[in-house]
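Protein chains: 2
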Amino acid sequence: MPPDSRTRLPGVAAQPPAETTGFVFNHTMLRVKDIAASLDFYTRVLGFRLVETRDFPDAAFSLYFLAHVSAATQIPEDPAERQRWLAGIPGVLELTHNHGTERQQGPVYHDGNSEPRGFGHICVSVPDLEAACARFEELGVTFQKRLHDGRMKNLAFIKDPDGYWVEIISHR
Amino acid sequence: MPPDSRTRLPGVAAQPPAETTGFVFNHTMLRVKDIAASLDFYTRVLGFRLVETRDFPDAAFSLYFLAHVSAATQIPEDPAERQRWLAGIPGVLELTHNHGTERQQGPVYHDGNSEPRGFGHICVSVPDLEAACARFEELGVTFQKRLHDGRMKNLAFIKDPDGYWVEIISHR
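Order-wise, the sequence lines are chains A and B.
Residue numbers for the first sequence follow this note's numbering, so the first one is 1 and each next one is one higher.
Residue numbers for the second sequence follow this note's numbering, so the first one is 173 and each next one is one higher.
And the structure:
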C-alpha cells in the first residue's frame, strides 16, 4: 500500500503533529500470577533481560521491566539515569505482580481472547522461525498455534505462564 | 539495583540464551471497535504513523500496524520488504478491527482493568510531560489520571477510544 493511500484512510493524520516529536511507544503492561514463572519464561525462553524492578510493599505489588537488550548495551546503574534510559526505548514489557497471587489456585488473570475480549497478544519476532519453534517444543512451551497448523504458515502462537498469547514471526 | 541482584531474582536467566539472539519484542495487539476513531487517536493525538494495513474480507477483519517512525525514516514500499522491516522493529502497535463492531451500541471491548483483569495498559513516553498533558487537555482527551492527581506526580493515564489505558511518562 503506497503511503498516499495509507494517509487517506478515515481518521489517519497526514503527518504526525510536530507536538508529538520524540514520542516513544515504550511499554506494555501485563499482570502476572507467579513472577518467578514469568521471569523464567521471558528471560530464558524469550531472551528478555530484566532491566529494572520497583517494589511497592505498602500496596503489595512489584513491577518488573524487561527488554531485549544486547550484551553490548550498557544499562545505566544510576537509578535516575536508568529510569530515563528505560523510558526512552521502545519494546519494553512491564510485568505487574500483585503479591500473593502465586498462592491462588488456578489461573488468576484473563488473556483477553475469550469474552470479554480486548487485548489480544504480544509478538516477538525472531531471525529463524523454524529454529525458534523447534526450540520452544524442546523447552516444553505450550503452543496456541503451531507453525504448520491452520492456514497461516508463517506464524506461531505460544502461551506464557498466565496463558497470554505470544505471537512468533520472522523478521528475516 | 545492580545487575547482579537483578539476575539473582528467582526465575531470571543469568544471560539471555544464545538461541534468543536477535529476538525483538515487536508488537502488542489490541482489538478496537471503531477503527477510524482509533486511527485518529493514535496518529493525531499520539503521533504514531500507520505503516501497514492487512484486510481479510472473508473473515471480516482488518489489521492496522502503527509505529513511531520519524519523517526521515524510509518505510519500504515493496510489500515483502516492508513486512520484514516492520517485523524487525520494536514498538509496533497492532489494531484489529472486526468489521461492523463500529455499529454496535456502547463499548465493545474490555480494557483489562476491571474484572476479569489481565492486560493493564500501554505506555507512550514523551520529551515534555507537562506540555504533552496540556495538549491532551486541549484536544479533549479523556484522562484516567491527570499528572497532578494522586500520589504519583510523574505520570498520567489517558484513555483511547475503546477505554484502553495509555500511560504517559517522561523520557527526559
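Virtual Cβ for every residue (Gly too), placed ideally from N, Cα, C.
These numbers come from a predicted model, not from an experiment.
Proximity of residue i and residue j at Cβ, strictly below 8 angstroms
i	j	result
L222(B)	V12(A)	yes
V45(A)	L139(A)	yes
C123(A)	E167(A)	yes
V108(A)	K159(A)	no
G118(A)	H282(B)	yes
F220(B)	A208(B)	no
V196(B)	G91(A)	yes
G284(B)	G112(A)	yes
P127(A)	G194(B)	yes
Neighbour flag for residue i against chain E, beta carbons, 8 angstroms
i	result
R275(B)	The structure shown has no chain E; the protein chains it does contain are A and B.
Reduced DSSP secondary structure (H/G/I, E/B, other) of residue i
i	result
T142(A)	coil
I35(A)	helix
L258(B)	helix
A328(B)	strand
A239(B)	strand
D212(B)	helix
R307(B)	helix
S342(B)	strand
D58(A)	helix
R49(A)	strand
L181(B)	coil
L147(A)	coil
E153(B)	Lying before the first or after the last residue shown, residue 153(B) is absent from chain B, which here runs from 173 to 344.
E287(B)	coil
T73(A)	coil
T21(A)	coil
Through-space distance from residue j to residue i, alpha-carbon basis
i	j	result
L267(B)	G100(A)	33 angstroms
V241(B)	R103(A)	43 angstroms
E224(B)	Q255(B)	8 angstroms
A186(B)	D40(A)	10 angstroms
P188(B)	T200(B)	22 angstroms
E191(B)	K325(B)	41 angstroms
E287(B)	E115(A)	11 angstroms
S38(A)	L93(A)	11 angstroms
N26(A)	A231(B)	31 angstroms
E81(A)	P251(B)	39 angstroms
Y236(B)	Q246(B)	18 angstroms
A71(A)	G278(B)	48 angstroms
V141(A)	P161(A)	9 angstroms
Neighbourhood of residue i by C-beta distance below 6 angstroms, restricted to the same chain and skipping five residues each side
i	result
H343(B)	S297
S234(B)	D227, H269
H293(B)	W337, E339
R31(A)	T96, Y109
Y214(B)	F220, L238
F308(B)	I330
L301(B)	S342
Near the ligand ADP: residue i beta-carbon under 7 angstroms from a heavy atom
i	result
T73(A)	Ligands are entirely absent from the displayed structure, and the ligand ADP is therefore not among its contents.
Nonlocal neighbours in the same chain, by C-beta distance under 7 angstroms from residue i, ignoring five residues either side
i	result
P10(A)	none
R6(A)	V12
A156(A)	C133, F143, K145, R146, L147, I168
Neighbourhood of residue i by C-beta distance below 8 angstroms, restricted to the same chain and skipping five residues each side
i	result
A303(B)	none
R180(B)	none
Using a Cβ-Cβ cut-off of less than 7 angstroms, list which residues of the region 112-136 of chain A approach chain B; keep chain order.
Taken in chain order, the members of the region 112-136 of chain A whose beta-carbon sits within less than 7 angstroms of a beta-carbon on chain B are G112, P116, R117, G118, F119, G120, H121, I122, C123, V124, S125, V126, P127, R135.
Check each residue of the region 1-21 of chain A: if its Cβ is closer than 8 angstroms to any Cβ of chain B, include it; give the result in chain order.
Flagged, chain order: M1, P2, P3, R6, T7, L9, P10, G11, V12, A13, Q15, P16, P17, E19, T20, T21.
Taking a Cβ distance cut-off of 8 angstroms, strictly less, list which residues of the region 322-340 of chain B are near chain A, in chain order.
Cβ contacts with chain A: D334, Y336, E339.
At a Cβ cut of 7 angstroms, what residues of the region 260-273 of chain B count as close to chain A, listed as they run along the chain?
From the region 260-273 of chain B, only G260, P262, G263, L265, T268 have a Cβ closer than 7 angstroms to chain A.
Any C-beta of chain B within less than 9 angstroms: which residues of the region 58-79 of chain A qualify?
Per Cβ criterion, the list reads Y64, L66, A67, H68, V69, S70, A71, I75, E77, P79.
Against chain A: residues of the region 197-213 of chain B by CB proximity under 9 angstroms:
F197, N198, H199, T200, M201, L202, R203, D206, I207, A208, A209, S210, L211, D212, F213: these are the residues of the region 197-213 of chain B whose beta carbon lies less than 9 angstroms from some beta carbon of chain A, given in chain order.
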